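Trainee:
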Amino acid sequence: GENVEQHPSTLSVQEGDSAVIKCTYSDSASNYFPWYKQELGKRPQLIIDIRSNVGEKKDQRIAVTLNKTAKHFSLHITETQPEDSAVYFCAASEYGNKLVFGAGTILRVKS
Amino acid sequence: GAGVSQSPSNKVTEKGKDVELRCDPISGHTALYWYRQSLGQGLEFLIYFQGNSAPDKSGLPSDRFSAERTGGSVSTLTIQRTQQEDSAVYLCASSQARGNEQFFGPGTRLTVL
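Sequence lines, in order, name chains A and B. For the record, in the first sequence the residue sitting at position 91 is 91 according to our numbering, with numbers rising by one throughout. Remember, our numbering sits 1000 above the position in the second sequence when you count from 1.
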């Protein structure tokens, strides 16, 4: 079955700097890759997603890139702000069925 | 509109007891998912319902776990003879259809003493 690895497990950046979180997946049939943000004690919320027919997608300060050949995808957050501090999860699925999640990255933005 | 809701928000039970967790998906969403999140861990898929199709139960960790979805709406996850390792937050999600964004509920925190 699918296996998703996520790095780093923790990431500290200075406010205004960029943050990059990387994930790799194992199943070449996976074609949907969402990223979720989870604040402490809250539910996960989708922040951006990408499908396998697209190499990059951007939404304001957030972007995701996908390399199907290498089976990896990355989340890029520019101009980080304290409110970006949270746990970020990547996930992969085939046709948007069950999501297989990475272990999560704790992002701390220091002001 | 209302999001995904779950009840109870917290459940404390004794080892060996059965528990039922409830999920109310967003109205009109045909797909419903259950995940489990252990402390400090990622989310682990449990089971998936899509319309009237047979559910995908491939993530259920043991036969003590079962789930049903009545009338294509509300779902109940049942854990029989609970064990301490069942302690986790159980999250439900729904989507308009397979392949669409999954919206998560607030979760039920289960503690097995």
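All C-beta atoms, glycine included, are put in the ideal place defined by N, C-alpha and C. Values in this document were obtained by computation on a predicted structure and should not be read as measured data.
(1) Within a Cβ cutoff of 6 Å, which residues of the same chain sit near Thr10/A, ignoring the five residues on either side of it in sequence?
(2) Residues in the region 1081 to 1107 of chain B with C-beta within 9 Å of chain A's C-beta atoms, listed in sequence order?
(3) If you drop the 5 nearest sequence neighbours on each side, which residues of the same chain put their C-beta closer than 6 Å to that of Thr1078/B?
(4) If you follow the beta strand (DSSP E) that Ile77/A is in, where does it begin and where does it stop?
(5) Quick check: the Cα distance between Gly1028/B and Ser1095/B, rounded to an integer number of angstroms?
(6) Is the number of C-beta pairs between the region 58 to 71 of chain A and the region 1004 to 1024 of chain B that are closer than 8 Å three or more?
(7) Are Cys1092/B and Val1012/B close, meaning C-beta to C-beta below 8 Å?
(8) If you draw a straight line from the C-alpha of Arg1109/B to the C-alpha of Ala19/A, how long is it?
(9) From the beta carbon of Phe1045/B, is the nearest beta carbon of chain A less than 8 Å away?
(10) Should the region 1042 to 1049 of chain B be regarded as contacting the region 1058 to 1065 of chain B, the criterion being three or more beta carbon pairs within less than 8 Å?
Mentor: Taking the definition as stated:
(1) Residue mapping note: residue 10/A aligns to position 10 of the first sequence, counting from 1. Cβ neighbours of Thr10/A beyond the five flanking positions: Ile106.
(2) Leu1091, Ala1093, Ser1095, Ala1097, Arg1098, Gly1099, Asn1100, Glu1101, Gln1102, Phe1103, Phe1104, Gly1105, Pro1106 and Gly1107
(3) Position 78 of the second sequence, counting from 1, holds the residue named residue 1078/B. For Thr1078/B, where only same-chain residues beyond five positions count, the Cβ hits under 6 Å are Glu1020 and Ser1066.
(4) The residue labelled residue 77/A in the question sits at position 77 within the first sequence. Residues His72 to Ile77.
(5) Counting from one through the second sequence, the residue named residue 1028/B turns up at place 28. Counting from one through the second sequence, the residue named residue 1095/B turns up at place 95. Cα-Cα distance, rounded: 9 Å.
(6) no
(7) Along the second sequence, one-based indexing puts residue 1092/B at 92. Along the second sequence, one-based indexing puts residue 1012/B at 12. No, they are not a contact pair.
(8) Start at 1 with the first residue of the second sequence, and residue 1109/B comes out as number 109. Start at 1 with the first residue of the first sequence, and residue 19/A comes out as number 19. Going from the Cα of Arg1109/B to the Cα of Ala19/A covers about 31 Å.
(9) Along the second sequence, one-based indexing puts residue 1045/B at 45. By this cut-off, Phe1045/B is an interface position.
(10) yes
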